[in-house]
Amino acid sequence: MKTQKMIAQREAYGAGLVELGKANPNVAVLDADVSSSTRTLYFAQEFPERFFNFGIAEQNMMGAAAGMAKCGLIPFVNTFSFLATYRAADQLRTSIVYPKANVKIAATYGGLSDSFDGPTHQSVADLAMVRALPDLTVVVPADAVEAAKALPVLAEFNGPVWLRLSRNPSPVIYSDDFEFTLGKATVLKEGTDLTLISCGTVLGRVLEAADVLVQEGLNPRVISISTLKPLDREAVLSAARETGAIVTVEEHSIIGGLGAAVSEVVSDEYPCPVKRVGIPDTFADTGPYEELLDKFGLSVGNIVKAAREALALKKGSC
């Protein structure tokens with residue numbers, strides 16, 4: 002499956018924030034002087050009285066968001082993922098997650114999508130950190146449609162949420178009637194030979210890899226996990242029981258993200274081969290986004306190769 006329509010998640014998010022602001026007067030938006038990048042400028046233009054630019058002061062912004070939540074507002078905090086993860090780590094953990102403040106952190110430019118700003122700005126290990134924080138819900142939409150559809154659901158949910166968004170245009174997978182359900186995986190293709198489990202905007206590449214495997218006579222299952230935490234354990238265990246081999250694919254280090262989460266579930270309850278496709282334990286480079294994805298382990302060929310290796314392990318264990 003190859004789709005030609007490409008939309009950036011940040012564009013869909015910015016437009017979705019405006020619609021959310023119209024529907025819910027308690028929604029407030031905070032930004033750290035990057036509103037043209039995060040696309041919160043659309044909300045600022047529509048609701049200037051509910052938009053707060055904190056300048057380059059991410060730590061202060063996190064603390065203020067916690068205070069707003071205590072006053073009954075629903076703050077959406079916006080900055081680049083590497084800043085929200087590391088520069089404001091103490092405030093994220095202590096002021097928001099620990100007291101279960103009703104704050105939504107929109108971490109944009111996730112993964113390698115800030116490709117031309119280099120390793121200091123690329124977020125290749127952000128999910129490993131936030132997934133380990135107790136009681137923090139972690140959402141990684143697969144495309145622009147899901148990013149927009151998730152917003153009202155996350156605003157309704159009471160508690161801290163981490164929403165990882167991509168900068169660059171990515172394939173649109175879902176139709177406008179798609180419904181986002183927090184905590185539930187989406188099965189895009191049923192299959193019996195093995196399961197490809199995707200997280201985030203690499204889903205388009207995963208579907209292409211599935212097509213290659215079908216042409217080879219295989220029947221792969223394809224699952225998108227957009228709620229990384231809490232993980233849909235039953236979807237993972239069903240894949241393990243019914244297909245016997247799993248390949249995880251994520252625009253993140255192979256350490257601590259989707260592959261780790263799936264491996265934890267499988268090893269605890271139904272062991273089967275799991276091959277992890279993602280960024281190796283390294284910093285990336287500066288360059289064109291799609292080329293970086295290929296260079297650092299996320300090509301369609303890499304996914305197909307991992308699938309063949311998982312199948313070989315499956316046969317060897319029988």
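Residue numbers for the sequence shown follow this note's numbering, beginning at 2 and rising by one.
Positions of the beta carbon are idealized from the N, C-alpha and C atoms, including for glycine.
For residue 78, the beta-bridge partners assigned by DSSP are 31 and 106. Straight across, the Cα-Cα distance linking residue 84 with residue 316 is about 44 Å. Taking the C-beta atoms as reference points, residue 308 is found nearer than 8 Å to residue 210. Under the 10 Å beta carbon count, residue 62 is surrounded by 16 or more other beta carbons and is classified as buried. Distances from the CA of residue 157 to each of 294, 26, 305 and 310 were compared; the closest alpha carbon is that of 26. DSSP places residue 277 in the strand class (E or B) of the three-state scheme. Beyond the five residues adjoining it in sequence on each side, residue 188 comes within less than 6 Å, by CB distance, of 224 in the same chain, given in chain order. Between the beta-carbon of residue 165 and that of residue 82 there is about 6 Å, and that keeps the pair under the 8 Å contact cut. Under DSSP, the beta-bridge partners assigned to residue 7 are 172. Using a C-beta cut-off of 8 Å, the segment 300 to 314 makes contact with the segment 270 to 287, since at least three inter-stretch Cβ pairs fall below that distance. Boundaries of the beta strand (DSSP E) around residue 54: 52 to 54. Taking 8 Å as the cut-off, the Cβ atoms of residue 76 and residue 29 count as close.
The three-state reading of DSSP puts residue 141 in coil, since its state is none of H, G, I, E or B.
Around the Cβ of residue 200, a 10 Å sphere holds 16 or more other Cβ atoms; the residue is buried. Residue pairing by DSSP leaves residue 167 without any beta bridge partner. Residue range 234 to 244 is occupied by the alpha helix (DSSP H) that includes residue 237.
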